[in-house]
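*Asks:* Mapped onto the working numbering, the consecutive letters of the sequence shown carry residue numbers 293 to 434.
Cβ coordinates follow ideal geometry from the N, Cα and C atoms, glycine included.
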Amino acid sequence: MEPDPRPPLFTHRMRIRYAECDQQGVVFNAHYLAFYDVAMVELWRARLGGYAAMVAAGADYMIAETHLHYVAGARFDEQLEIDVRVGRIGTSSLVLEPTFRVGDRVCVHGAVRHVFVVPGGRSRPIPDDVRALVEPHAPPAA
């Protein structure tokens, strides 16, 4: 599989640690969602002042759905790059599409649906600052 040609909204780089690998010598599948979470924390920090700033402004989000496709394993000590692209922007939900790769080798790709909520968990519209961040990176409307 070729890397997605669309420019990412954000890329996070990390080194694979020995403890993240399974008996087959590749990253254990469940770690990819934890890696995605780290990338999201770094995205919010770099672009919107941090997750805490978003919560302080009255917005939070929950992950409502995840889909991951495993293509090739990343191994100990490899440099993993997590490219986050915008998939779909709704009223209260946002689909982001992570691609986990080592160089040009795609290891995992998928989609994660976030729903923005107010304290207490009810959905709310995507905050204006988040919408302003992601809209320029959205794919063209079909």
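I'd like the ranges of any alpha helix (DSSP H) spanning at least 4 consecutive residues and lying wholly in the segment 392-425.
*Replies:* Complete alpha helix (DSSP H) runs here, min 4: none at all.
*Asks:* Taking the alpha-carbon of D375 as reference, which of A403, T383, V409 has the nearest alpha-carbon?
*Replies:* Cα-wise, what sits closest to D375 is A403.
*Asks:* So, with DSSP's three-state summary, where would you put E370?
*Replies:* Reduced to three states, the DSSP call for E370 is coil.
*Asks:* Alpha carbon to alpha carbon, what distance is there between A366 and C313?
*Replies:* Straight-line Cα distance between these residues: approximately 9 Å.
*Asks:* Going straight from the alpha carbon of V426 to that of L301, what length do you get?
*Replies:* Distance between the alpha carbons of V426 and L301 is about 7 Å.
*Asks:* Using only the alpha-carbon positions, how far apart do H429 and A349 sit?
*Replies:* Roughly 23 Å separates the two Cα atoms.
*Asks:* Work out the CA separation of R397 and V407 for me, nearest whole Å.
*Replies:* Going from the Cα of V407 to the Cα of R397 covers about 30 Å.
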